[in-house]
Amino acid sequence: MLLCNYIGKTIKEQFSSTVSDKPNDIHAKLMLQYPTVPDWWYYIILLLTVLVAAIFCSHNGLMPIPVMLLTIVFLIVLVLPNGIITATTNMMLTGCALNDFITGIILPGHPLGFLTFRVFSCACQNQIIVHLTSFKIGHYMKISPRVVFCSLILSSVISCIIHYITAIYLLNHVPKICSKSNLAWKCLNVENTHTASVVFGVVGAFRPGSKYFPILWAVPVGFVLPIISWCLWKKYPEIKWISYINFPILLLATANLPPAPTVTFPSWVIVGFIFNYIIYRHANDWWEKYAYIFSAAMSCGVAVCGFVIFFVLNSPHTNTPSSLWRSGGSTGDGCPLASANYSGILPAWRQYL
């Protein structure tokens, strides 16, 4: 609803516009010197991927082919509004919740079909946005679109092979990986996806008459909230802060709560408040010059830190002292009551780790 109210006109224009339709964009003018990627390149990639997906789904009985084709419809409908939201807010609306509800209805009692549908819809949506982001970077760096296209296809194939080999190696060499008794390899996102497949694909916890069916009232509430903010913005245009109200963005963060560690959200709020409010208001020149560089440095620092922690502390062949900060005490995470019930009683599997 927010997309229709705020950027509906932009979406309509973008569906029919091309690079040559942007005469005032200097980047578009310069990129017109390069030959564009022929449409038939995309058609070949689409045909090959759909053919392989259809064979894979039908041969293994994972999902009916008509349902697989339905995922393509989802991708076509959501890609442009999702791309605009991602470009303007840096937050991606993949529509996974909507896909989960629809899959639970059309494939009841079929958890593997649910997971397959989710991969083809949500994961492919993420991949589309990543590719569009790469094309945007190539656009600003004045790299030929054909070079970017070939690089993306090649890197996708290589990364798929590496990811598959790495996953097989870890499953065969890390004891009790993704289990509750191995806290160093908890696989929170995998557990979250597995739980969703059970809830929507097996239990059907949101069907009429079920225990969690009242939660579906959040759907009409989420539909109405953007209308309220849009009406307030139209009625009181002189109040500037009303234009910044974006309920989908405000509520989107809750989707990351289930797999997120406890410290994630407080850190996000503190850093965001310091940089995007205090420094932005009182040291705007510094913010304009270094904010994005600092953000990239923090992201790189987390990646490097994770790499170091893995090889120094979490290697299967490395024994660390029990007094080390990362050991986390008897429960392994430094929070002995995190898994306790309201009476403070720990489950047996956490008491003897």
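The sequence shown maps to residues 29 to 381 in my numbering.
Cβ coordinates follow ideal geometry from the N, Cα and C atoms, glycine included.
- Distance between L76 and S327, taken at the CA atoms: about 35 Å.
- If you check the CB distance, Y62 and R174 come in under 9 Å.
- Taking a contact as a CB-CB distance under 8 Å, the pair N110 and L121 counts as one, their CB atoms being some 5 Å apart.
- Taking C-beta atoms as the reference points, Q153 and V107 count as a pair closer than 9 Å.
- Going by DSSP, E219 is part of the alpha helix (DSSP H) stretching over L216 to V226.
- Apart from sequence neighbours up to five positions away, the residues of its chain that approach G166 with a beta-carbon distance below 6 Å are V176, ordered along the chain.
- DSSP, reduced to helix, strand and coil, places C206 outside both helices and strands of the structure shown, so it counts as coil.
- DSSP places G132 in the helix class (H, G or I) of the three-state scheme.
- Annotation for C206: W213, K214, C215, V218 and E219 place their beta carbon closer than 8 Å to its own, counting only its chain and skipping 5 residues before and after.
- In the DSSP annotation of this structure, the continuous segment of the alpha helix (DSSP H) that includes E316 starts and ends at N312 to V340.
- Comparing alpha carbon positions, the residue from M59, I104 and H87 closest to L74 is I104.
- Secondary structure of M59 (DSSP, three-state): helix.
- Note that the segment 273–284 touches the segment 249–259; at least 3 beta-carbon pairs, one per stretch, sit closer than 8 Å.
- Between P236 and F142, the alpha-carbon positions lie close to 19 Å from each other.
- Of the residues assessed, I337 falls on the exposed side of the cut-off, its CB having fewer than 16 other CB atoms within 10 angstroms.
- Closest in alpha carbon position to T116, among L60, A311, K57 and Y272, is Y272.
- The beta carbon of L180 sits closer than 7 Å to the beta carbons of H159 and S162 from its chain, once the five residues preceding and following it are set aside; these are given in chain order.
- A246 is not a Cβ neighbour of C124, given a cutoff of 9 Å.
- Secondary structure at H138: coil, using DSSP grouped into helix, strand and coil.
- Judged by DSSP secondary structure, I196 falls within the alpha helix (DSSP H) whose first and last residues are P173 to H201.
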